[in-house]
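S.K.: Residue numbering for the sequence shown follows this note's numbering, beginning at -5 and increasing consecutively.
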Amino acid sequence: MTSFLHLLAGALVAMGGPVTGLSIQPAPERTEVVISMDGQAEYRDFTMEGPSRLVVDLLDSQLALPRENFLDLNRGGVRSIRTSQYSASIVRVVIDLEQVVGYQILQGDGELRVVLENLGDTFAPWSTVPAAAAQNFADPTAYAPVSAVPVDAALTPTPEVASSPGALLPPQEQGARITVTFSNTPIQEVLFTFAEFADRSIVAGAEVDVVVSAEVRDQPWDVALREILEANGLVAVESVSGIIRVDNLENLQQREQWEAPSTRTFQVNYANAAELQTSVQALLSMERGKVAVDAGTNTVIVTDVKRVLDQVEVMIRSLDRETPQVAIAAKIVFINRTDLQDFGITYDLKDSEGNQLNQITPGAVDQNGNGVIDYPDDLVEVGTDVVALGGNSIAALGNARNRIPNPNLTLLSSLILGRHTLITFIEALESMNLSDIQAHPSVQVLDNQQARIWVGEETPIRVIDAQAGATGGSIPTAQVSTRETGIILEATPHVVGNGKIRLELNAERSAAIPAESDAGYIFQTQNAQSRVLVDDGETVVIAGLTVTETSEVRSGIPLLMDIPIIGSLFRVTRNSTIQRDLMILVTPTIVGGERN
-5 MTSFLHLLAG
5 ALVAMGGPVT
15 GLSIQPAPER
25 TEVVISMDGQ
35 AEYRDFTMEG
45 PSRLVVDLLD
55 SQLALPRENF
65 LDLNRGGVRS
75 IRTSQYSASI
85 VRVVIDLEQV
95 VGYQILQGDG
105 ELRVVLENLG
115 DTFAPWSTVP
125 AAAAQNFADP
135 TAYAPVSAVP
145 VDAALTPTPE
155 VASSPGALLP
165 PQEQGARITV
175 TFSNTPIQEV
185 LFTFAEFADR
195 SIVAGAEVDV
205 VVSAEVRDQP
215 WDVALREILE
225 ANGLVAVESV
235 SGIIRVDNLE
245 NLQQREQWEA
255 PSTRTFQVNY
265 ANAAELQTSV
275 QALLSMERGK
285 VAVDAGTNTV
295 IVTDVKRVLD
305 QVEVMIRSLD
315 RETPQVAIAA
325 KIVFINRTDL
335 QDFGITYDLK
345 DSEGNQLNQI
355 TPGAVDQNGN
365 GVIDYPDDLV
375 EVGTDVVALG
385 GNSIAALGNA
395 RNRIPNPNLT
405 LLSSLILGRH
415 TLITFIEALE
425 SMNLSDIQAH
435 PSVQVLDNQQ
445 ARIWVGEETP
455 IRVIDAQAGA
465 TGGSIPTAQV
475 STRETGIILE
485 ATPHVVGNGK
495 IRLELNAERS
505 AAIPAESDAG
515 YIFQTQNAQS
525 RVLVDDGETV
535 VIAGLTVTET
545 SEVRSGIPLL
555 MDIPIIGSLF
565 RVTRNSTIQR
575 DLMILVTPTI
585 VGGERN
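1. Could you tell me whether the stretch 545 to 554 touches the stretch 323 to 331, using the rule of 3 or more Cβ pairs below 8 Å?
2. Between which two residues does the beta strand (DSSP E) carrying E484 extend?
3. Rounded to the nearest angstrom, what separates V85 and N112 at their Cα positions?
4. Please list the terminal residues of the continuous beta strand (DSSP E) segment that includes R239.
5. Does the stretch 40 to 51 touch the stretch 175 to 195, meaning 3 or more C-beta pairs lie closer than 8 Å?
6. Taking Cβ positions, are T382 and G348 nearer each other than 8 Å?
7. From R47 to N492, what does the alpha carbon distance come to, in whole angstroms?
8. Do E209 and T179 come within 8 Å of each other at the CB atom, strictly closer than that value?
9. Per DSSP, what kind of secondary structure is N442 in: helix, strand or coil?
10. Please confirm whether V108 and V27 have their CB atoms less than 8 Å apart.
11. For the alpha helix (DSSP H) holding I310, just list the boundary residues, first then last.
12. Would you say the stretch 289 to 298 touches the stretch 250 to 270, given that touching needs at least three Cβ pairs under 8 Å?
13. Can L566 and I410 be called in contact, C-beta distance under 8 Å?
14. Whose C-beta lies closer than 7 Å to the C-beta of A58 among residues of the same chain, with five residues either side of it excluded?
15. Using only the alpha-carbon positions, how far apart do Q473 and V528 sit?
16. Suppose you measure from the CA of I339 to the CA of I572; what does that come to, to the nearest Å?
17. Output the distance between the C-alpha atoms of F64 and W215, rounded to the nearest integer angstrom.
18. V33 and G104 look like a contact to me (Cβ under 8 Å); what is the Cβ gap, rounded to whole Å?
19. Say whether the stretch 499 to 509 touches the stretch 475 to 488, bearing in mind that this needs 3 or more beta-carbon pairs closer than 8 Å, one atom from each stretch.
20. Which residues in the same chain have their Cβ closer than 8 Å to the Cβ of E452, if we skip the five residues on either side of it in sequence?
21. Which residues bound the alpha helix (DSSP H) around E221?
22. What are the partner residues of E605, as DSSP defines its beta bridges?
23. Tell me, please, whether the CB atom of E478 is closer than 8 Å to any CB atom in chain D?
24. Return the chain-ordered list of same chain residues with a C-beta closer than 7 Å to the C-beta of A286, the five sequence neighbours on each side being excluded.
25. Have a look at P119 and Q19 and give me their C-alpha separation to the nearest angstrom.
26. Quick check on this structure: which residue in I222, L106, S429, I559 has the alpha carbon closest to the alpha carbon of N330?
27. Should K284 go down as buried or exposed, given a rule of 16 or more other Cβ atoms within 10 Å for buried?
28. Assuming L343 and L416 are in contact, meaning their beta carbons sit under 8 Å apart, how far apart are those beta carbons, in whole angstroms?
29. On a CA-only basis, which of M426, I536, R446 is nearest N569? Give me that one, please.
30. Hey, how far is the Cα of V308 from the Cα of R61?
31. By alpha-carbon positions, which one of G236, I536, Q518, V585 ends up nearest to M577?
32. Can you tell me the Cβ-Cβ gap for L313 and S273, rounded? I've got them flagged as a contact below 8 Å.
33. Report yes if the C-beta distance between I89 and V72 is below 8 Å; otherwise report no.
34. Does the Cβ of P454 have 16 or more other Cβ atoms within 10 Å, making it buried, or fewer, making it exposed?
35. Quick check on this structure: which residue in F186, E224, Q182, G199 has the alpha carbon closest to the alpha carbon of V205?
36. Check the DSSP bridge columns for F337 and list the partner residues they point to.
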């Protein structure tokens, strides 16, 4: 754990240069470690424990020593000195101590002196440059103290800010990038390297004893450490205080078997706590893990060991976030167009003194035999046939059963030939029926949730159980069910990022009309189902359908109706064209929330 960390606040006059030498010099009740360099350099210093060490980073400097590590020095409480080119412009000097003591750092021209408290040991001076060992460094007045820790006082630990439990760092805060090589290096030394680099406290388990060979190039330190540990069957668990504990998985599981489970509550703000229960259940221990939901406060209550609770907390934090809403505006257009063209000629031939087929027009017959037709006494209503059984007589009808309903034009002509009258009806009809039905349903829904809007009615459908009356003489029973008709829109949006929305849509327009028989109803339905990817605010046509029905019906007097050119005088012709157009347009718009 870091015991002391601060960065030099004052500005120094010159850029740092190469670090050229190291020396350890004795002084009354203190030990002095001198770092020789060209010029002056800004620096930062801090101490660490487990093992005890003092770290000095020289900024804007380059390493120019004959080698990097100087081990087994064992002078004045200094066990070893290790150096490295920590980055392109930083030289790190690590002074391994027997124990953390008070210290001062004195800045001089071309040198940086670290003055350590000496517990009374006497020792011979040491230096990487033999000539420098004879110099007198006993006069500290030649140096200006720029960083100091009271020599007679223990250092006060500086608390660390703990990252998310269960992870080395939160996903959005990956550590500084590291480049390092290990060749048959004990795991303790590997952990020590990462602890120094990241300024974190890392503790290895008692049975952690592996050798690591790895080369890491420009990777986040937490990612690199996790990969190295996983490759060697180890795991890292971070405590709330920020200490990272490294152990093998079996030891961790055995330790958890003896760990008493605890209960933690998680307040859910945006999601539905009941919907998170299944996801939380998958993380729990098989035997001791329990999860419950309080619907009143929208809270998830979990009981398990601490490691699992930490994982649950990370998962709930990632799932419980404000999701965007999507406003869906739809437009359903249904156009029904019907064109009719009818033309027909109808004939009625009457004999005033004989047969009459009065199906088209009323007739007149000398009913009293005085030889004179008296109106209105001798009138015969439409539909009353007159049949003369004696004498010669003829009557005829043409196209009487196929007249044009509600004609727009009717021409009547009559021709009297003696006692015969020929009545002719010429009828014509042309009509166009246009209906335009437009619906504009709109709805707003959370991302990944289904929205449904229905504007219409429920049509009752009666089903008669005829088998109930077929046996036993019981009365047939009827059951009534309903079916939704009208405008129905079902949509499930998925915000996929980059301002795009994936839509699962079901749009329907339906209507019920009575059937011609006693079957009940005929349901006219226009339906479209689709899955589309659209931009935010873009209008997309998800369905377009045009149906055209054309029919022609001819009926008339046999043989005569088929005569070229004049055949139309002896038939009735009906032409109809029905065209139905359906178009469904949808416009989704993202409203608020966190977009991907």
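Where a beta carbon is used, it is the ideal one built from N, C-alpha and C, also for glycine.
M.R.: According to the structure shown:
1. Touching, no.
2. Sequence index remark: in the sequence shown, residue 484 carries index 490 (1-based). Its beta strand (DSSP E) spans residues 471 to 491.
3. On the sequence shown, residue 85 is found 91 positions in, with the first residue counted as 1. On the sequence shown, residue 112 is found 118 positions in, with the first residue counted as 1. Distance between the alpha carbons of V85 and N112: 26 Å.
4. Reading the sequence shown from its first residue, position 245 is the one you call residue 239. If you look at R239, you'll find it in the beta strand (DSSP E) that goes 238 to 242.
5. Yes, the stretch 175 to 195 is in contact with the stretch 40 to 51.
6. Here residue 382 refers to the residue found at position 388 of the sequence shown. Here residue 348 refers to the residue found at position 354 of the sequence shown. Note that residue 382 is Ala in the sequence shown, not Thr. For A382 and G348, yes; Cβs fall inside 8 Å.
7. Numbered from 1 along the sequence shown, position 53 holds the residue referred to as residue 47. Numbered from 1 along the sequence shown, position 498 holds the residue referred to as residue 492. C-alpha separation (whole angstroms): 49 Å.
8. As a position in the sequence shown, residue 179 is number 185, starting the count at 1. As a position in the sequence shown, residue 209 is number 215, starting the count at 1. No, Cβ-Cβ distance for T179 and E209 is not below 8 Å.
9. Residue mapping note: residue 442 aligns to position 448 of the sequence shown, counting from 1. Coil at N442, not helix or strand.
10. Here residue 108 corresponds to residue number 114 of the sequence shown, with the count starting at 1. Here residue 27 corresponds to residue number 33 of the sequence shown, with the count starting at 1. Yes, these two residues count as a Cβ contact at 8 Å.
11. By 1-based counting over the sequence shown, the position of residue 310 is 316. Looking at the DSSP string, the run of the alpha helix (DSSP H) that includes I310 is 300 to 313.
12. Contact between the stretch 289 to 298 and the stretch 250 to 270 is present, because at least three Cβ pairs lie under 8 Å.
13. On the sequence shown, residue 566 is found 572 positions in, with the first residue counted as 1. On the sequence shown, residue 410 is found 416 positions in, with the first residue counted as 1. It is worth fixing the name first, because residue 566 is Val in this sequence and not Leu. Contact check for V566 against I410 fails: the beta carbons are separated by 8 Å or more.
14. Numbered from its first residue, the sequence shown carries residue 58 at position 64. Closer than 7 Å at the Cβ level, and outside the excluded window around A58, lie P12, V13, T14.
15. Here residue 473 refers to the residue found at position 479 of the sequence shown. Here residue 528 refers to the residue found at position 534 of the sequence shown. Put simply, the backbone Cα of Q473 is about 45 Å away from that of V528.
16. Walking along the sequence shown from the start, residue 339 turns up at place 345. Walking along the sequence shown from the start, residue 572 turns up at place 578. C-alpha separation (whole angstroms): 25 Å.
17. Along the sequence shown, one-based indexing puts residue 64 at 70. Along the sequence shown, one-based indexing puts residue 215 at 221. The alpha-carbon atoms of F64 and W215 are separated by roughly 26 Å.
18. Numbered from its first residue, the sequence shown carries residue 33 at position 39. Numbered from its first residue, the sequence shown carries residue 104 at position 110. Checking the displayed sequence, the identity of residue 33 turns out to be Gly instead of Val. Contact check for G33 and G104: beta-carbon distance about 7 Å, within the 8 Å limit, so the pair qualifies.
19. As far as the Cβ criterion goes, the stretch 499 to 509 touches the stretch 475 to 488, which means the pair count is three or higher.
20. Taking the first residue of the sequence shown as position 1, residue 452 is located at position 458. Cβ neighbours of E452 beyond the five flanking positions: T476, R477, E478, T479.
21. The residue labelled residue 221 in the question sits at position 227 within the sequence shown. 215 to 225 is the span of the alpha helix (DSSP H), which, as asked, contains E221.
22. Here the chain comprises residues numbered -5 to 590, so residue 605 is not present and cannot be evaluated.
23. Any reference to chain D falls outside this structure, which holds one protein chain only.
24. The sequence position of residue 286 within the sequence shown is 292, counting from 1. Taking C-beta separations shorter than 7 Å and ignoring five residues to either side along the sequence, the partners of A286 in its chain run I295, following chain order.
25. Start at 1 with the first residue of the sequence shown, and residue 119 comes out as number 125. Start at 1 with the first residue of the sequence shown, and residue 19 comes out as number 25. The straight-line gap from Cα to Cα measures roughly 5 Å.
26. As a first step, residue 330 must be located in the sequence shown, where it is residue number 336. For N330, the closest C-alpha among the options I222, L106, S429, I559 is that of S429.
27. Your numbering for residue 284 matches position 290 in the sequence shown. The residue is exposed, with fewer than 16 neighbouring Cβ atoms inside 10 Å.
28. The count along the sequence shown starts at 1 and reaches residue 343 at position 349. The count along the sequence shown starts at 1 and reaches residue 416 at position 422. Between L343 and L416 a beta carbon distance of about 5 Å is seen, short of the 8 Å cut, so the two are scored as contacting.
29. The residue labelled residue 569 in the question sits at position 575 within the sequence shown. Nearest to N569 by C-alpha distance, out of M426, I536, R446, is M426.
30. Numbered from its first residue, the sequence shown carries residue 308 at position 314. Numbered from its first residue, the sequence shown carries residue 61 at position 67. Rounded to whole angstroms, V308 to R61 spans 45 Å at the Cα level.
31. Along the sequence shown, read from residue 1 onward, the residue named residue 577 stands at position 583. When only C-alpha atoms are compared, the closest one is I536.
32. Mapped onto the sequence shown, residue 313 falls at position 319. Mapped onto the sequence shown, residue 273 falls at position 279. The beta carbons of L313 and S273 sit about 7 Å from each other, so the pair counts as a contact at 8 Å.
33. Looking up residue 89 in the sequence shown gives position 95. Looking up residue 72 in the sequence shown gives position 78. Yes.
34. Position 460 of the sequence shown, counted from the start, is the residue given in the question as residue 454. With fewer than 16 other Cβ atoms inside 10 Å of its own Cβ, P454 counts as exposed.
35. In the sequence shown, the residue the question calls residue 205 occupies position 211. The option with the nearest alpha carbon to V205 is Q182.
36. Translated into positions along the sequence shown, residue 337 becomes position 343. A422, T567.
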